[in-house]
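Colleague: Mind having a look at this structure? Questions to follow.
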Amino acid sequence: MIPGDDGAAARPVEARGGPSLVIRRRNESELDECVRVLAEVHRRDGYPMRWPASPVGWLAEPALFTAWVASLDGRLVGHVGLSRAEHGDTAAALYGEDAAMVSRLFVSPAARGHGTGTALLKVAVREARQNGLRPVLDVLATSVSAVALYERLGWRLLGTADRQWGPDQVVVRCYAAPA
Ligand SMILES: CC(C)(COP(=O)(O)OP(=O)(O)OC[C@H]1O[C@@H](n2cnc3c(N)ncnc32)[C@H](O)[C@@H]1OP(=O)(O)O)[C@@H](O)C(=O)NCCC(=O)NCCS
16 MIPGDDGAAA RPVEARGGPS LVIRRRNESE LDECVRVLAE VHRRDGYPMR
66 WPASPVGWLA EPALFTAWVA SLDGRLVGHV GLSRAEHGDT AAALYGEDAA
116 MVSRLFVSPA ARGHGTGTAL LKVAVREARQ NGLRPVLDVL ATSVSAVALY
166 ERLGWRLLGT ADRQWGPDQV VVRCYAAPA
């Protein structure tokens, strides 16, 4: 957890119209529910590209500073993390020191288009900045909806890279949050 993290207070954010959207820090007891949503996303979007041997471990990766969940009308529908940059994080390598990785962003297919992804990104960016870090991320070039979201929100393309992820040859696009 990032120094200065202030715990798990619920923080309502603006929703576009209809359903009420709440973003708050993830509790450990919610990990199974996050995995259920992640499985829907994996089936629909192929994210993550390979289903992890331990999905809970993937969501609670050792480099994680903190993570948030989104609820729409009381139902958990989305997730994002903020992590320490590690070897293999291309955006951080391109950006340099002080980068923090925005990671594990996903929204349930049925809940999309209500601003949830935008709101999750916003809290992760704010937390990074409050801790003097610059938010960056890697995204698969094939993750079309995510790439469209980052570019619409003004994230700056740092570069693209061919990477070998286990048996998979992939192209990643690397972004930095707008200044
Ligand atoms: C990328 C992702 C998180 C966006 O979530 P979201 O909650 O739909 O995001 P938002 O609602 O904030 O913005 C999505 C945009 O698509 C529009 N949209 C409208 N209906 C939509 C629908 N049914 N599905 C998706 N997007 C829709 C939204 O209005 C918005 O665009 P606009 O502001 O120009 O209108 C989600 O698509 C996702 O989980 N993708 C798969 C996982 C993934 O690739 N993660 C990235 C890892 S790096």
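Going by the working numbering, the sequence shown opens with residue 16, and the numbers climb by one from there.
Even glycine gets a Cβ: it sits at the ideal position worked out from N, Cα and C.
#1: Less than 8 angstroms between the CB atoms is what I'm expecting for residue 81 and residue 142, so what's the real figure, rounded?
#2: What did DSSP end up calling residue 75 once you bin it into helix, strand or coil?
#3: May I ask whether a heavy atom of ligand 1 can be found less than 6 angstroms away from the beta carbon of residue 62?
#4: Give every residue of the same chain whose Cβ lies closer than 8 angstroms to the Cβ of residue 170, excluding the five residues on either side of it in the sequence, and list them in chain order.
#5: Where in the stretch 148 to 191 do unbroken runs of the beta strand (DSSP E), each at least 3 residues long, occur, reported from the N-terminal end onward?
#6: Since residue 128 and residue 164 should fall inside the 8 angstroms C-beta cutoff, what is the C-beta to C-beta distance between them, to a whole number of angstroms?
#7: Go to residue 139, then tell me how far its alpha helix (DSSP H) extends in each direction, as first and last residue.
#8: Check for me: the beta strand (DSSP E) holding residue 99 runs from which residue to which?
#9: According to DSSP, is residue 194 part of a helix, a strand, or is it coil?
#10: Since I believe residue 117 is in contact with residue 148 (beta carbons under 8 angstroms), could you give me their beta-carbon distance rounded to a whole number of angstroms?
#11: With a threshold of 8 angstroms, are at least 3 pairs of Cβ atoms found where one atom belongs to the stretch 107 to 114 and the other to the stretch 71 to 89?
Modeller: Working from what's here:
#1: 7 angstroms
#2: coil
#3: yes
#4: Within the same chain, residue 170 has close Cβ partners 152, 190, 191, 192 and 193.
#5: 149 to 155, 171 to 180 and 183 to 191
#6: Contact doesn't hold; Cβ gap of about 11 angstroms is too wide.
#7: 131 to 145
#8: 90 to 99 is the extent of the beta strand (DSSP E) around residue 99.
#9: coil
#10: So it is not a contact: roughly 10 angstroms between Cβ atoms.
#11: As far as the Cβ criterion goes, the stretch 107 to 114 does not touch the stretch 71 to 89, which means the pair count is below three.
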